[in-house]
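Report on the following structure.
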Amino acid sequence: MYKDRILNAELAQKLMSSEKAAAFISDKMVVASSGFTKAGDSKAVLAALALKAKVDPLKITLITGASLGHDTDAALVNADALSLRLPFQVDRVLRKAINAGEVLFIDQHLGETANLLKANNFPKIDVAIIEAIRINEDGSIVPTTSVGNSASFAELADKIIIEINTKVPFALCGLHDIFSTGEYPNRTEIPITSASTRIGTTSIPLDISKIIGIVITEIVDSPAEIAPPEASTSAISKHLVNFFSEEVKKGNLSKSLMPLQAGIGKVANAVLTGFIDSEFENLTMYSEVLQDSTFDLLDSGKMLFASGSSITVSEEYYESIFSDFDKYKDKIVLRPQDISNAAEVIRRLGVISINTALECDIYGNVNSTHVGGTDMMNGIGGSGDFARNSYLSIFVTQSVTKNNTISRIVPMVSHTDHTEHDVDIIVTEQGLADLRGLAPRQRALTIIKNCVHPLYREQMQDYFDRSCERGGHTPHLLEEAFSWYQILKETGTMQKAL
């Protein structure tokens, strides 16, 4: 029945239900699952495990590439089946459990997870669950819409369960580029010299003796929730396009810029969409997630090639893209996330990274993960991999949120993910602050002038002026640095009377 999906006759004997496959997972096991930003994740076995845990209690450590779809994390939390989760998540139910201390969470640079696993910095993986289009005759597997950490999981896990997804078309075969740098201290270089360079194989090699079960699914990825551009996000995009135009006039960049990387979400998506009606041409992308805007740029002819680790698009785009994927096949490659996020490659290619901040401070430090300094939102993702190593490190955010009661630009961020040393440009709908070549006091003045919302600009300038009177290389009033959060808690707004 599935001879076109399972080409190895021996493995065809291991077909089973998701419930039977989930029975291989027991209490205190370390389980790894494919999946990167809702794409290519386990859609059957982890769901069956959640149901099993409700009648046969267990707790596992769950490692993925990034976030899972289909409310899988929520189902596991509601079944009280998670003890530790890493390295990234976006689920509201899981987020609540993490912030309540009910589930432990390791927030991790997505480019580092595989390397840490290979260096034995985590307990050994007991079972890996990997989604695939098919199993080849040699036992290697062709991933679906993401690669993520799947190749490393297949190498390191004691046992493997394969989910064959019959909804994913064979047109994706040949899309992937699987490459390993080996293990310390004998790692090899990553010979990628352009976004379109292919260096590996199109399938993930594995030891077929590890495969304990094969489950058939026919469930598409959870759609990305991408809001259309609005006034503020369109303004951010316009500021960035104007900045790049000026860089071209100065001779710092060509109209092809450098390979682009963009984080997930409505702001990043809107920023990329802004390139469609710009002067730029022959663009390329070296990123993690290929979103709706990536395909808009490819369709418009503005972008020639895109390299990522997953395809995560809205429901509307999913249907149009995968119903005729052949037209994109020579324009896209999907890589393991320790390759897509590798510092070596990012620096060699001169990537321009555009990531979203929860908040920034007046010196350019960025908080990407924690609300109010304590509550986890989603995680750092790959933003740190790119910010530290890019040709240009750009962070975008709206200047205010929650009906203007919260300023996204604050005196001192409540949690630091990216220090001022790794941040070149900050953009809000108010304007763009180019921080390159500026000392701390200059950076503060530039950010206050260009990025702070008018409702908070005078208040911020007052804080900075009084800080400078006290002195210091990076002036602060430590007794007031976090006072804006306290004012918000007491009054419902960060605004205060001067």
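Taking the working numbering, the leading residue of the sequence shown gets 152, the next gets one more, and so forth. Glycine included, each C-beta is placed from N, C-alpha and C at the ideal position. Given the structure is predicted, the values throughout are model-derived calculations rather than measurements.
Asked: By the DSSP assignment, the beta strand (DSSP E) with N506 in it spans what residues?; Found: 503-507
Asked: Going by C-alpha to C-alpha distance, which of C602, N229, S544 sits closest to S558?; Found: C602
Asked: Please classify A190: does DSSP put it in a helix, a strand, or coil?; Found: strand
Asked: Can you give the Cα-Cα distance for T625 and A265, rounded to whole angstroms?; Found: 37 Å
Asked: When we look at the beta-carbon of S388 and count the other beta-carbons within 10 Å, is it buried (16 or more) or exposed?; Found: buried
Asked: For E620, count neighbouring Cβ atoms within 10 angstroms of its own Cβ and tell me buried if that reaches 16, exposed if not.; Found: exposed
Asked: Compare the Cα-Cα distances from S345 to each of R499, N271, V517 and report the closest residue.; Found: R499
Asked: Report yes if the C-beta of G515 is less than 7 Å from at least one heavy atom of the ligand FAD; otherwise report no.; Found: For the ligand FAD, the structure offers nothing, since it holds no ligand at all.
Asked: Identify which residue in A204, I284, V564 has its Cα closest to the Cα of K154.; Found: I284
Asked: Less than 7 Å between C-beta atoms, sequence neighbours within five positions excluded: which residues of the same chain meet that for I98?; Found: No information on residue 98 is available, as it lies outside the stretch 152 to 649 that the chain covers here.
Asked: Drop a sphere of 10 angstroms on the beta-carbon of H572, count the other beta-carbons inside from all chains shown, and report buried for 16 or more, exposed for fewer.; Found: exposed
Asked: Three-state secondary structure (DSSP) at P410?; Found: coil
Asked: Beta-carbon separation of A195 and T317 under 8 Å?; Found: no
Asked: Here's the rule I'm using: 16 or more other beta-carbon atoms within 10 Å means buried, otherwise exposed. How should P274 be labelled?; Found: exposed
Asked: Between I276 and V181, which are expected to be in contact by the criterion C-beta below 8 Å, what is the C-beta distance as a whole number of angstroms?; Found: 5 Å
Asked: Tell me the residue span of the beta strand (DSSP E) that contains E510.; Found: 510-512
Asked: Where does the unbroken alpha helix (DSSP H) through K203 begin, and where does it stop?; Found: 196-206
Asked: Quick check: what's the CA-CA separation for A201 versus A230?; Found: 6 Å
Asked: Just the C-alpha distance for A375 and T445, rounded to the nearest angstrom, thanks.; Found: 13 Å
Asked: Report yes or no: do three or more beta-carbon pairs, one from the stretch 477-493 and one from the stretch 458-469, lie closer than 8 Å?; Found: yes
Asked: I'd like to know whether the C-beta atoms of S544 and I560 end up nearer to each other than 8 Å.; Found: no
Asked: To the nearest angstrom, how far is the alpha carbon of V338 from that of K269?; Found: Residue identity differs from the one stated: residue 338 is Arg in this sequence, not Val. In a straight line, the C-alpha of R338 is about 11 Å away from that of K269.
Asked: What residue range is occupied by the uninterrupted beta strand (DSSP E) comprising Y437?; Found: 434-437
Asked: Rounded to the nearest angstrom, what separates I211 and H566 at their Cα positions?; Found: 29 Å
Asked: Cα separation between S193 and I315?; Found: 10 Å
Asked: Quick check on this structure: which residue in I370, G643, F394 has the alpha carbon closest to the alpha carbon of E466?; Found: I370
Asked: Please confirm if the stretch 628-646 is in contact with the stretch 607-616, defined as three or more CB-CB distances below 8 Å between the two stretches.; Found: yes
Asked: Specify, as a first and last residue, the run of the alpha helix (DSSP H) that A494 falls within.; Found: 494-500
Asked: Within 10 angstroms of its Cβ, does N420 collect 16 or more other Cβ (buried), or is it exposed?; Found: buried
Asked: Tell me, which residues are paired with N316 by DSSP?; Found: T368
Asked: Tell me whether M152 is buried or exposed, calling it buried when 16 or more other Cβ atoms sit within 10 Å of its Cβ.; Found: exposed
Asked: Where are the beta strand (DSSP E) runs, 3 residues long or more, that stay fully inside the stretch 546-616, in chain order?; Found: 576-579, 582-585
Asked: What are the complete alpha helix (DSSP H) segments, minimum 4 residues, inside the stretch 206-285?; Found: 223-229, 243-250, 264-269
Asked: Kindly list the residues whose CB is nearer than 6 Å to the CB of G532, restricted to its own chain and excluding five residues on each side of it in sequence; keep chain order.; Found: F239, L261
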